[in-house]
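Residue 200 in the UniProt record's numbering sits at position 200 of the sequence shown, with consecutive numbering throughout. Even glycine gets a Cβ: it sits at the ideal position worked out from N, Cα and C. Here the structure comes first, spelled out in C-alpha cells, and everything after it is commentary.
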Amino acid sequence: MNFSQNLLKYRDSKTAIISTDAEDNTEYISYKDLYDEVAVYVKALKDEGIKKGDYVACYMSNKMEAVFAYLAAAAVGAIFCGALPLLGARAVLSRFEQIKPKILFTAGNFKFDNKEFKMDERIPEIVESLPCLQKVVFCPKKGKKVQESISNIPKCVYIQDFLHKAREELRENPKDIEFEQLPFDYPLCISFTSGTTGAPKGLIHSHGSFMCTLRDFGLHQNCTREDAVFNQSP
Numbered sequence: 001m002n003f004s005q006n007l008l009k010y011r012d013s014k015t016a017i018i019s020t021d022a023e024d025n026t027e028y029i030s031y032k033d034l035y036d037e038v039a040v041y042v043k044a045l046k047d048e049g050i051k052k053g054d055y056v057a058c059y060m061s062n063k064m065e066a067v068f069a070y071l072a073a074a075a076v077g078a079i080f081c082g083a084l085p086l087l088g089a090r091a092v093l094s095r096f097e098q099i100k101p102k103i104l105f106t107a108g109n110f111k112f113d114n115k116e117f118k119m120d121e122r123i124p125e126i127v128e129s130l131p132c133l134q135k136v137v138f139c140p141k142k143g144k145k146v147q148e149s150i151s152n153i154p155k156c157v158y159i160q161d162f163l164h165k166a167r168e169e170l171r172e173n174p175k176d177i178e179f180e181q182l183p184f185d186y187p188l189c190i191s192f193t194s195g196t197t198g199a200p201k202g203l204i205h206s207h208g209s210f211m212c213t214l215r216d217f218g219l220h221q222n223c224t225r226e227d228a229v230f231n232q233s234p
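What follows is the structure in C-alpha cells.
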C-alpha cells in the first residue's frame with residue numbers, strides 16, 4: 001500500500017485544500033491540481049536521487065508546499081519529518097540530527113499570534129549543522145515584488161527552480177505517479193516529543209496509519225466529501 005496513493009484517489013475539480021496565512025492570503029487547490037502538483041514534486045525528488053528509506057525534512061509555516069512535499073515524499077517511499085516553525089535552531093537540530101535528512105523544505109519569516117518569527121536568522125545555522133543535506137528548497141512568499149534572498153543559506157534553491165525541470169518534462173509528457181508499494185507498517189513520517197525530559201524521541205507513523213485517518217474522520221465523525229476540516233497551525 002501507499003499512504004499518498006490513497007489520499008490522492010480523487011482527481012476532480014472539487015476543492016481539496018484551502019490555505020490562509022496571517023495576512024489573509026488565501027489559496028485554493030482542487031483534487032486534480034493537487035495530484036498534478038504532487039506529481040511534479042515526486043519527479044523532482046526522484047531527479048534529486050531521493051528514494052525509499054531516505055529522509056525528507058520540513059521547517060516552515062503552514063503552507064501548501066508542505067503538503068505537496070509530504071505527499072510526494074510518501075509516494076516515493078521516503079520518510080517525512082516536520083519541525084514546528086516556532087522552534088529555535090537548536091531545538092530543530094535536536095530532531096533533524098537524529099534522522100539526517102537529504103532534503104529540507106523551508107520558508108521565510110511569518111507572523112503568528114501578532115508576532116513575527118525570524119526564520120531567516122535560524123535557517124542558515126540549521127543548514128550549516130546538517131552536512132547530510134543535499135539540497136535546501138526555499139518557498140518564498142507569493143505576490144512579493146522583491147523575492148526574499150537565500151544568498152546566506154548554503155545549498156539553497158528557490159522552489160520554482162527546484163521544480164522547473166520536472167514541471168516542464170511533465171507538461172510535455174504527462175505521466176501518472178508511480179507510487180512505491182510498501183508494507184502496512186513501513187515508516188511514513190516521524191513526529192518528535194517535546195524533549196522536556198531529555199532528547200526529543202521520534203514516534204514513527206506507518207503507511208497503514210491511513211486506516212486510522214479513515215476510521216476517525218469517515219466513521220467516528222461521519223465526514224463526507226462535502227465537509228471541511230479546520231486545522232489551525234502556525
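Helix, strand or coil, according to DSSP, for residue i in the structure here?
{"i": "residue 165", "result": "helix"}
{"i": "residue 46", "result": "helix"}
{"i": "residue 197", "result": "coil"}
{"i": "residue 133", "result": "coil"}
{"i": "residue 208", "result": "helix"}
{"i": "residue 30", "result": "strand"}
{"i": "residue 187", "result": "strand"}
{"i": "residue 56", "result": "strand"}
{"i": "residue 104", "result": "strand"}
{"i": "residue 77", "result": "coil"}
{"i": "residue 148", "result": "coil"}
{"i": "residue 68", "result": "helix"}
{"i": "residue 217", "result": "helix"}
{"i": "residue 229", "result": "coil"}
{"i": "residue 172", "result": "helix"}
{"i": "residue 23", "result": "coil"}
Looking only at its own chain, which residues have a Cβ that is under 7 Å from the Cβ of residue i, when we skip the five neighbours before and after it?
{"i": "residue 48", "result": "103, 134, 135"}
{"i": "residue 204", "result": "187, 190"}
{"i": "residue 206", "result": "184, 185, 186, 187, 188"}
{"i": "residue 93", "result": "126, 129"}
Determine which residues share a DSSP beta bridge with residue i and list them.
{"i": "residue 157", "result": "137"}
{"i": "residue 202", "result": "192"}
{"i": "residue 115", "result": "112"}
{"i": "residue 82", "result": "58"}
Span of the beta strand (DSSP E) holding residue i?
{"i": "residue 19", "result": "15 to 20"}
{"i": "residue 179", "result": "From DSSP, residue 179 is part of no beta strand (DSSP E); its letter is neither H nor E."}
Hey, quick one: how far does the alpha helix (DSSP H) through residue i stretch, first residue to last?
{"i": "residue 128", "result": "123 to 128"}
{"i": "residue 96", "result": "89 to 99"}
{"i": "residue 6", "result": "3 to 7"}
Please work out which residues of its chain come closer than 8 Å, Cβ to Cβ, to residue i, disregarding the five sequence neighbours upstream and downstream, and give them in chain order.
{"i": "residue 140", "result": "107, 108, 147, 148, 158, 159"}
Spatial neighbours of residue i within its chain, please: C-beta separation below 6 Å, excluding the five flanking residues on both sides.
{"i": "residue 82", "result": "58"}
{"i": "residue 230", "result": "none"}
Fill in: Cβ contact check for the region 38 to 45 and the region 55 to 71: 3 or more pairs under 8 Å
yes
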